[in-house]
Amino acid sequence: MKKRLIEEINYGFLQGLIPSASPEGTSGTYFLKNNEKNIVAVFKPIDEEAFSPNNRKGYIGKFGQQSLRKGILSGEGSIREVAASLIDSYDKKIFKVPDTTFVEIKHNAFISNTLDMMLSVE
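Mind the numbering: the sequence shown is residues 13 to 134 in this note's numbering, read in order.
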């Protein structure tokens, strides 16, 4: 399913659909659409997490520094979200964490095109 979803998003990009940034939160969050203009995924670049190098919300810092929550370093949020998704799917979706995986996306809408990123499937 993840491979098919990624293909749908890529086809949306080829149709000229641009990821739309969410104004909420402290990190970069983008809504990705398929060719029918339906939002099918949420993309959160690791380098736009709070206190990461390319944070657009003013929380700029270096990877590995203290973030907004005690004990969580910048750049670790995505790893924690993927881990939570894996644990929840193992536990039969008790907590209803969206399926989450690491992907790399290249698009001019993002500040950086070179880091592995994360895709959260709704």
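For each residue, glycine too, the CB sits at the ideal point set by N, CA and C.
On the DSSP bridge assignment, give the partners of residue i in chain order.
i: residue 72; result: 64
i: residue 44; result: 53
i: residue 32; result: 43
i: residue 78; result: 85
Do we get a CB-CB distance below 7 Å when we pair residue i with the residues of chain B?
i: residue 23; result: Looking at the structure shown, chain B is missing, and only one protein chain is on hand.
Closest to residue i by C-alpha separation, out of the options, would be which residue?
i: residue 109; options: 93, 118 and 122; result: 93
i: residue 44; options: 29, 65 and 36; result: 29
i: residue 119; options: 98, 21 and 16; result: 21
i: residue 66; options: 19, 41 and 83; result: 41
i: residue 18; options: 53, 36, 38 and 33; result: 53
i: residue 47; options: 26, 39 and 36; result: 26
Between which two residues does the beta strand (DSSP E) holding residue i run?
i: residue 85; result: It is not in any beta strand (DSSP E) - residue 85 carries neither H nor E in the DSSP assignment.
i: residue 122; result: Residue 122 -> no beta strand (DSSP E), and no H or E assigned at all.
i: residue 52; result: 51 to 56
Please classify residue i as buried or exposed, where buried requires at least 16 neighbouring CB atoms within 10 angstroms.
i: residue 122; result: buried
i: residue 63; result: buried
i: residue 79; result: buried
i: residue 23; result: exposed
i: residue 31; result: buried
i: residue 101; result: exposed
Alpha helix (DSSP H) containing residue i: first to last residue?
i: residue 107; result: Element bounds for residue 107: n/a, residue is neither H nor E.
i: residue 19; result: 14 to 26
Contact the segment 56 to 63 vs the segment 85 to 104: 3+ CB pairs below 8 Å: yes
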